[in-house]
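Trainee: Would you mind keeping the following structure in view while I ask a few things?
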Amino acid sequence: MFTGIVEELGEVSAVAPAGDTVELTVHGPTVTSDAAHGDSIAVNGVCLTVTEVAGPRFRTDVMRETLDRSSLGALAPGAPVNLERAAKVSDRLGGHIVQGHVDGTGEILRRVPGERWETVTFSLPGDLARYVVEKGSITVDGVSLTVAAVDADSFGIALIPTTLDLTTLGRKKAGDPVNIEVDVIAKYVEKLAVSAPGAAR
């Protein structure tokens, strides 16, 4: 479980194909400071299991399912990535409940600079639109964000200077892919409403 508050902007050190998986090596001094084999670290919003820690780097295996459902398959050595360690129960919940289970991918449609912030519009897969509401929470590349505007196939976010400076969202351009995780609470509410006695089907 994560909160969507990125701890560190890491960098991909190596990408090694291994059959239908990829071994990903990531440089991240902060997240590796207390990491151990079996720990969870979110990489661009994808929950991955640490297989080895070597100094400021960690390795992880990325399964075919993850490669197919996220943008991790497009990573190459030198690529910046958002990193977050799994939350402790005692931590403040600075963002929102994030599972690290990507629901789909979108892309940056446009960026409009403001005086000190930037409005960024992302495409939204049609099957996820019903879970996204104005002023609600959404995770983009592992960053917990508040939805500023939404329609049937896109949503907008106002990015503050801290987010622009400390995450990959300040570096990506129009056309770049992003991982999207909708608020899991919305999915649970939908399931409960549909399965409730007397609910319309």
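Heads up, the sequence shown stops at 1599 in our numbering, and the numbers go up one at a time, no gaps.
Idealized CB from N, CA, C, for every residue including glycine.
Would you identify the three-state DSSP class for residue 1546, choosing helix, strand or coil?
Mentor: In the structure shown, residue 1546 sits in coil (DSSP, three-state: anything other than H, G, I, E or B).
Trainee: How do the segment 1571 to 1578 and the segment 1463 to 1478 stand: do at least 3 beta-carbon pairs fall below 8 Å, yes or no?
Mentor: They touch, by the three-pair rule.
Trainee: Residue 1341 by DSSP, collapsed to three states: which one?
Mentor: An answer regarding residue 1341 cannot be provided, because it is not within the stretch 1399 to 1599 covered by the chain.
Trainee: Could you check where the beta strand (DSSP E) with residue 1407 kicks off and where it finishes?
Mentor: Element bounds for residue 1407: 1406 to 1416.
Trainee: Straight-line CA distance for residue 1538 to residue 1442?
Mentor: Near 8 Å, if we compare the C-alpha coordinates of residue 1442 and residue 1538.
Trainee: Strictly by DSSP, which residues pair up with residue 1442?
Mentor: According to DSSP, which records beta bridges pairwise, residue 1442 is partnered with nothing at all.
Trainee: Thinking residue 1492 and residue 1401 are a contact (beta carbons under 8 Å), I'd like their distance in whole angstroms, please.
Mentor: Contact holds; Cβ gap of about 5 Å.
Trainee: Quick one: using the 10 Å Cβ neighbour count with 16 as the cut-off for buried, is residue 1483 buried or exposed?
Mentor: When all chains shown are included, residue 1483 counts as buried.
Trainee: With a threshold of 16 other CB atoms inside 10 Å of the CB of residue 1519, please say whether the residue is buried or exposed.
Mentor: Buried: at least 16 other Cβ atoms inside 10 Å.
Trainee: Express the C-alpha separation of residue 1551 and residue 1422 in angstroms, rounding to a whole number.
Mentor: Going by the C-alpha atoms only, they are around 32 Å apart.
Trainee: If contact is defined by three or more beta carbon pairs under 8 Å, each pair taking one atom from either stretch, is the segment 1443 to 1459 in contact with the segment 1427 to 1435?
Mentor: The segment 1427 to 1435 vs the segment 1443 to 1459: in contact.
Trainee: Can you tell me whether residue 1581 is buried or exposed, with buried defined as 16 or more other CB within 10 angstroms of its CB?
Mentor: Buried, because 16 or more other Cβ atoms sit within 10 Å of the Cβ of residue 1581.
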